[in-house]
Amino acid sequence: MEKAYHRSMLFDFYGELLTDHQREIYDSFVNEDISISEIALMHDKTRQSVHDLIRRIDGILEGYESKLHMMEVFEATKLKIEKIRCEAESFSSDGLKAHVDNVRIIADEILAQL
13 MEKAYHRSML
23 FDFYGELLTD
33 HQREIYDSFV
43 NEDISISEIA
53 LMHDKTRQSV
63 HDLIRRIDGI
73 LEGYESKLHM
83 MEVFEATKLK
93 IEKIRCEAES
103 FSSDGLKAHV
113 DNVRIIADEI
123 LAQL
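Okay, here's the thing in structure tokens:
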């Protein structure tokens, strides 16, 4: 998984568990793509302190994932639903078409919610 995507997903799953300050800094860095130097200027901090905070938050979020596995379960569920959708598309019998279409619709609805 690309590092930026991984960080963004961790933040989506566990960001609410961070303090307001941690959440604001990390959101600026990960989701708004603001540089460490710019964040330091915005918060009247040194570049090094912002860098250290981001690394510390990375560790906190990874720790949550290693204990709770929410992101891992999400990705596994998403893959299984995509497999269901592919299987449904492989049916071609007219008698099964309506049922297959329903399976595809349900899989699409679940994927949209994830």
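Number 71 in this note's numbering belongs to position 59 of the sequence shown; there are no gaps in the numbering. Where a beta carbon is used, it is the ideal one built from N, C-alpha and C, also for glycine.
Restricting attention to Ile48, Lys92 and Ala88, the CA atom closest to the CA of arginine 59 is found in Ile48. Between the alpha carbons of leucine 91 and aspartate 56 lies a distance of about 43 Å. By alpha-carbon distance to phenylalanine 25, the top candidate from Val115, Cys98, Glu84 and Arg68 is Glu84. Within the model, the alpha-carbon separation for methionine 82 versus histidine 111 is close to 31 Å. In the DSSP annotation of this structure, isoleucine 46 is not part of any alpha helix (DSSP H), being labelled neither H nor E. Counting every other CB atom within 10 Å of its CB across the protein chains shown gives serine 40 a total of 16 or more, marking it as buried. Going by DSSP, glutamate 99 is part of the alpha helix (DSSP H) stretching over 82-102. Assigned with DSSP and collapsed to three states, leucine 126 falls in coil, not helix or strand.
For lysine 15, the enclosing alpha helix (DSSP H) starts and ends at 15-26. In this chain, the alpha helix (DSSP H) harbouring histidine 33 covers 32-42. Nearest neighbour of isoleucine 96 by Cα position, chosen from His63, Asn114 and Leu80, turns out to be Asn114.
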